[in-house]
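Which chain is which? The protein sequence lines are U and P, in order. Going by UniProt numbering, the first sequence runs without a break in its numbering and finishes at 297. Going by UniProt numbering, the second sequence runs without a break in its numbering and finishes at 282.
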Amino acid sequence: MSLLDTTGGSAVRASGLGRRFHRTWALREADFAVPAGAITAVVGAHGSGKSTLLSLLAGLDLPTTGYAEVLGADPRRRPQPAVSHLGQSRPLYDYLTVAETLRLGRELNRERWDEPYARRLAELGELSPTARVRTLSGGERVHLALALALGPHPDVLLLDEPLAGLDPLARGRVLRAILGEAAESGATVLLASHEIDDLADTCDHLLLLDHGRVRLAGELAPLLDEHLLLTGSAGEIPAWLRAHDVVRSRHTGRQLTALVRRTGELDVPAQWRADAPTLPELVLAYLDPAAESVVPA
Amino acid sequence: MIWLAWRQHRAALVTAAATFAAFCLALVLLSALELTSPVADPLGLTNNRPADYLGYVLLAGPTLLAALFAAPLLARELEHGTHLFALSQSVSRGRWLTGHLLVGGLPPVLLFAVAAALYHQVVAPGPWYDGMAEGVYGALPLVRGLFALSVGALFGVLARRVLTAATLAGVTVTVVEVLADLVRPYLFAPDVLLHPVTASWSAEVWTLASGYVRGGQLLPDGAVVGCTRDDAACLDNAGITGRWTELHPIGHRVPLHWIECAVYVALALAALALLWRRTRRI
Numbered sequence: 001m002s003l004l005d006t007t008g009g010s011a012v013r014a015s016g017l018g019r020r021f022h023r024t025w026a027l028r029e030a031d032f033a034v035p036a037g038a039i040t041a042v043v044g045a046h047g048s049g050k051s052t053l054l055s056l057l058a059g060l061d062l063p064t065t066g067y068a069e070v071l072g073a074d075p076r077r078r079p080q081p082a083v084s085h086l087g088q089s090r091p092l093y094d095y096l097t098v099a100e101t102l103r104l105g106r107e108l109n110r111e112r113w114d115e116p117y118a119r120r121l122a123e124l125g126e127l128s129p130t131a132r133v134r135t136l137s138g139g140e141r142v143h144l145a146l147a148l149a150l151g152p153h154p155d156v157l158l159l160d161e162p163l164a165g166l167d168p169l170a171r172g173r174v175l176r177a178i179l180g181e182a183a184e185s186g187a188t189v190l191l192a193s194h195e196i197d198d199l200a201d202t203c204d205h206l207l208l209l210d211h212g213r214v215r216l217a218g219e220l221a222p223l224l225d226e227h228l229l230l231t232g233s234a235g236e237i238p239a240w241l242r243a244h245d246v247v248r249s250r251h252t253g254r255q256l257t258a259l260v261r262r263t264g265e266l267d268v269p270a271q272w273r274a275d276a277p278t279l280p281e282l283v284l285a286y287l288d289p290a291a292e293s294v295v296p297a
Numbered sequence: 001m002i003w004l005a006w007r008q009h010r011a012a013l014v015t016a017a018a019t020f021a022a023f024c025l026a027l028v029l030l031s032a033l034e035l036t037s038p039v040a041d042p043l044g045l046t047n048n049r050p051a052d053y054l055g056y057v058l059l060a061g062p063t064l065l066a067a068l069f070a071a072p073l074l075a076r077e078l079e080h081g082t083h084l085f086a087l088s089q090s091v092s093r094g095r096w097l098t099g100h101l102l103v104g105g106l107p108p109v110l111l112f113a114v115a116a117a118l119y120h121q122v123v124a125p126g127p128w129y130d131g132m133a134e135g136v137y138g139a140l141p142l143v144r145g146l147f148a149l150s151v152g153a154l155f156g157v158l159a160r161r162v163l164t165a166a167t168l169a170g171v172t173v174t175v176v177e178v179l180a181d182l183v184r185p186y187l188f189a190p191d192v193l194l195h196p197v198t199a200s201w202s203a204e205v206w207t208l209a210s211g212y213v214r215g216g217q218l219l220p221d222g223a224v225v226g227c228t229r230d231d232a233a234c235l236d237n238a239g240i241t242g243r244w245t246e247l248h249p250i251g252h253r254v255p256l257h258w259i260e261c262a263v264y265v266a267l268a269l270a271a272l273a274l275l276w277r278r279t280r281r282i
């Protein structure tokens with residue numbers, strides 16, 4: 001497990017953070033820190049603890065163990081006008097209109113609310129101000145929820161699957177809106193998503209969850225550097241490779257492909273090919289180590 | 001939060017105001033028409049003064065407040081998950097709770113208290129110790145309403161479902177109200193007076209129990225001595241020296257009232273404390 005160095009400038013920090021629902025641990029012993037201004041991809045399979053983690057950081061849930069710190073404070077201690085959370089269930093009042101919902105955002109965030117900006121975000125989703133929330137489609141709800149989350153220009157943005165249920169066009173639009181806000185205000189963003197491809201170019205940090213545990217946490221570029229995608233002829237995993245941390249190995253035809261995490265110097269023999277993995281390759285290797293490819297390479 | 005609570009509970013508040021207006025109208029009509037004699041209903045099941053029916057409405061007031069107004073306050077938010085909206089929009093749990101209680105819950109309680117006070121003024125119900133009269137006297141309607149509000153809100157947070165919360169809150173408040181009616185005479189120690197057999201009491205005295213006295217010993221209420229009350233010779237032969245009566249003179253009305261109020265306030269505060277503890281864990 002890799003721990004991010006906490007250099008004091010971290011916007012979000014977790015230590016031994018865990019949450020148990022009845023007998024199942026949704027999140028266990030999470031230790032990580034995210035520096036201010038980072039855009040972190042929070043990735044993991046369904047039920048890996050992404051939503052639980054973001055709820056805990058937003059102060060919407062109580063940890064069973066450990067603690068979280070957001071902007072130097074316990075997220076439960078005081079309301080966080082500087083922290084926005086976009087929940088997966090998009091909690092909105094069905095009987096309000098779009099305009100009333102935006103008014104609510106203003107009423108509840110008096111000091112920070114940027115009305116023209118929130119309106120622009122709503123217009124991005126082509127929302128009619130007089131439409132009732134209950135009549136909105138899933139994608140329209142995302143746009144409205146996003147307008148409420150970004151409207152106060154938060155310092156920390158916790159986004160839980162903001163792209164789910166959006167068509168590719170809207171996905172790009174929403175992602176650009178989020179990144180535009182982050183670039184403009186320097187906000188720290190934690191973005192949980194299944195859409196690894198969408199995140200590859202946009203994130204500079206990674207938090208990889210697997211069955212409630214943090215498997216990887218840190219800056220993306222060094223993490224990718226640490227890993228190598230090696231391709232050689234099929235057979236046993238050679239001894240020089242086993243000295244390192246083999247995350248996943250699989251046979252495809254007469255080839256053996258292995259994703260390894262270097263634990264030291266690694267000299268790759270000439271008959272092997274070494275590539276730097278992409279983010280999707282890295283994530284898939286960690287999330288599905290046993291998978292055998294059914295498609296010949 | 002005030003606007004949110006108002007917008008959310010607008011329909012319930014309008015309903016409460018309309019009910020209050022209808023109650024006041026009925027009260028005005030009754031006093032204008034001076035319908036003070038009992039009227040039998042078409043089926044002949046009851047034979048009450050028309051005003052008594054308004055009294056029954058007030059008697060059921062706390063139960064209705066708890067089930068219809070207080071229980072949905074928080075349960076509706078929790079059932080639909082919309083509390084996350086406010087809580088993720090820089091609203092503290094304390095503000096969320098007090099916003100709903102004060103904007104959505106308090107007005108119906110105050111309307112109920114005012115309705116009870118008007119009823120007490122206009123109709124002058126029965127003797128002071130009658131349950132219907134006592135329940136609308138002084139501060140009691142207000143504290144009963146506050147108790148119903150806190151119990152309803154508490155069950156809303158515990159059950160997290162409107163229907164369950166309303167049922168549990170309604171049942172709980174009804175049980176407490178019935179118990180209160182049963183223990184009311186003993187909240188303040190009644191006087192026990194020894195007196196001649198033939199003594200009688202003014203209508204202001206609340207008699208709880210009475211019996212014969214034989215040789216300095218108080219016979220239990222209803223003990224049979226085999227004589228009629230006016231047969232002095234028979235009573236003499238049976239060794240009866242007089243009667244005892246356990247009663248509240250009208251002077252007990254004030255302490256009885258305040259003790260009952262204090263009990264309701266204590267129950268309401270306990271419910272609110274539990275409610276606050278639960279809310280912090282949402």
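Just so it is clear, CB atoms sit at the ideal spot from N, CA and C, and this is done for glycine as well.
For residue i, count neighbouring C-beta atoms within 10 Å of its own C-beta (all shown protein chains included) and say buried if the count is 16 or more, exposed if not.
i, result
"P/Tyr186", "exposed"
"U/Thr257", "buried"
"P/Asn48", "exposed"
"P/Gly135", "buried"
"U/Phe21", "exposed"
"P/Thr82", "buried"
"P/Gln89", "buried"
"U/Pro277", "buried"
"P/Tyr264", "buried"
"U/Ser84", "buried"
"U/Val156", "buried"
"P/Glu260", "buried"
"U/Gly180", "exposed"
"U/Pro154", "buried"
"U/Leu27", "buried"
"U/Ala234", "exposed"
"P/Ala189", "exposed"
Let's see if you can read the secondary structure: which residues bound the beta strand (DSSP E) around residue i?
i, result
"U/Leu62", "Looking at the DSSP string, U/Leu62 is not in any beta strand (DSSP E), and its letter there is neither H nor E."
"U/Asp31", "Thr24 to Pro35"
"U/Ala41", "Ile39 to Val43"
"P/Val192", "Asp191 to His195"
"U/Ala85", "According to the sequence shown, residue 85 of chain U is His rather than Ala. Element bounds for U/His85: Val83 to Leu86."
"U/Arg273", "Arg273 to Asp275"
With a CB to CB cut of under 6 Å and the five nearest residues on each side skipped, what residues in its chain are close to residue i?
i, result
"P/Phe23", "Ala115"
"P/Ala268", "Leu146, Phe147 and Ser150"
"U/Val189", "Ile39, Leu157 and Ala182"
"P/Cys234", "Cys227"
Check for me: the alpha helix (DSSP H) holding residue i runs from which residue to which?
i, result
"P/His248", "Note, P/His248: premise wrong, no alpha helix (DSSP H); beta strand (DSSP E) at Ile240 to His248."
"P/Ala60", "First-last for P/Ala60: undefined, no H or E at that position."
"P/Thr19", "Ile2 to Leu33"
"P/Asp236", "Ala232 to Asn237"
"U/Val12", "Where U/Val12 is concerned, there is no enclosing alpha helix (DSSP H), although the beta strand (DSSP E) it sits in stretches over Ser10 to Phe21."
"P/Gln121", "Leu106 to Val123"
Given residue i, which residues of its chain have a CB within under 8 Å of its CB, disregarding the five upstream and five downstream residues?
i, result
"P/Thr174", "Thr63"
"U/Thr135", "none"
"U/Ala270", "none"
"P/Arg93", "Leu87, Thr279, Arg280 and Ile282"
"U/Thr101", "Leu92, Tyr93, Val133, Leu144 and Leu148"
"U/Ile237", "Val246, Ser249, Leu256 and Ala258"
"U/Pro280", "Ile196, Asp197 and Ala200"
"U/Ile178", "Leu146, Leu150, Leu157, Leu159, Pro162, Val189 and Leu191"
By Cβ distance below 7 Å, which residues in the same chain neighbour residue i in space, the five residues on each side in sequence not counted?
i, result
"P/His100", "Ala5, Leu73 and Leu74"
"P/Tyr212", "Leu219, Ala223, Val225, Ile240 and Arg243"
"U/Trp25", "Gly18 and Gly212"
"U/Arg242", "none"
"residue 340 of chain P", "Shown here, chain P extends from 1 to 282; a query on residue 340 of chain P therefore has no answer."
Under the criterion of a Cβ to heavy atom distance below 7 Å, does residue i qualify as lining the ligand FAD?
i, result
"P/Phe20", "Among the components of this structure there are no ligands whatsoever, and the ligand FAD is therefore not found."
Ignoring anything shorter than 3 residues or poking outside the segment 195–246 of chain U, list the beta strand (DSSP E) runs there in chain order. 205–210, 213–219 and 227–233
Entirely enclosed alpha helix (DSSP H) segments - the segment 103–127 of chain U, minimum 4 residues: 115–124
Chain-ordered residues of the segment 148–163 of chain P with a beta carbon less than 8 Å from chain U: none
Counting only Cβ-Cβ distances shorter than 8 Å, please list the residues of the segment 87–103 of chain U near chain P, keeping chain order. Gly87, Ser89, Pro91, Leu92, Tyr93, Asp94, Leu96, Glu100 and Arg103
May I have a chain-ordered list of the beta strand (DSSP E) segments no shorter than 3 residues that lie completely inside the segment 133–211 of chain P? 191–195
Complete beta strand (DSSP E) runs within the segment 164–195 of chain U (minimum length 3 residues, chain order): 188–192
Which residues of the segment 4–18 of chain P have a Cβ closer than 8 Å to any Cβ of chain U? Give them in chain order. Leu4, Arg7 and Gln8
Chain U contacts from the segment 75–97 of chain P (Cβ-Cβ distance under 7 Å): Gly81, Thr82, Leu84, Phe85, Ala86, Leu87, Ser88, Gln89, Ser90, Val91 and Ser92
Using a Cβ-Cβ cut-off of less than 7 Å, give me the residues of the segment 33–66 of chain U that come near chain P, in sequence order. Ala58, Leu60 and Leu62
Note down, in chain order, all residues in the segment 153–176 of chain U with a beta-carbon under 8 Å from any beta-carbon belonging to chain P. none
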